[in-house]
Amino acid sequence: MILVPWWISRWHIEAPLLGFSLFRVIGVLMMAAGLPVLLDSFARFALQGRGTPAPIAPPSHLVVTGLYRYVRNPMYVAGVLIITGQGLFFGNLRVLEYVLVVWLIFHLFVLF
């Protein structure tokens, strides 16, 4: 969520996508919405699930509180929000293409 978008954009702010500067505001709002979801999900995995978000060391207890009551994978939702927000904020189409790949990988990982 940080390293690859940085490799792609180098945090260089391009012209707003489609010349629509409101996309920058939407991008900031998406990143601001995704970060607390991500941090809360990490904390719930560690404290309640007694594990990590990594598939190689999953939690030993099922986490069903917080956003996990409503969404099966809030970390994935947060990741897609944050990366999409970066693409919109920086005006970088390649970051937006990357988020589509990330979403597809998350989707296929959940399915299989």
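Take the sequence shown: its position 85, counting from 1, is numbered 74 in this note's numbering, and each next residue is one higher.
Just so you know, even glycine gets a beta-carbon here, dropped at the ideal spot from N, CA and C.
Bear in mind the structure is a predicted one, so any value in this text is a computation, not a measurement.
Going by C-alpha positions, Gln75 is about 29 Å away from Gly40. Between Val17 and Arg33, the gap from beta carbon to beta carbon reaches 7 Å or more. Here Pro25 is exposed, its C-beta having fewer than 16 other C-beta atoms within 10 Å. Counting along the chain, Pro63 sits inside the alpha helix (DSSP H) bounded by residues Pro63 to Phe79. Here the region 42 to 58 makes no contact with the region -2 to 5; the two share fewer than three CB pairs at distances below 8 Å. Burial is judged here by how many other beta carbons sit within 10 angstroms of a residue's own beta carbon; Tyr59 has fewer than 16 and is exposed. In this structure Ala67 is buried. Its beta-carbon is surrounded by 16 or more other beta-carbon atoms within 10 angstroms.
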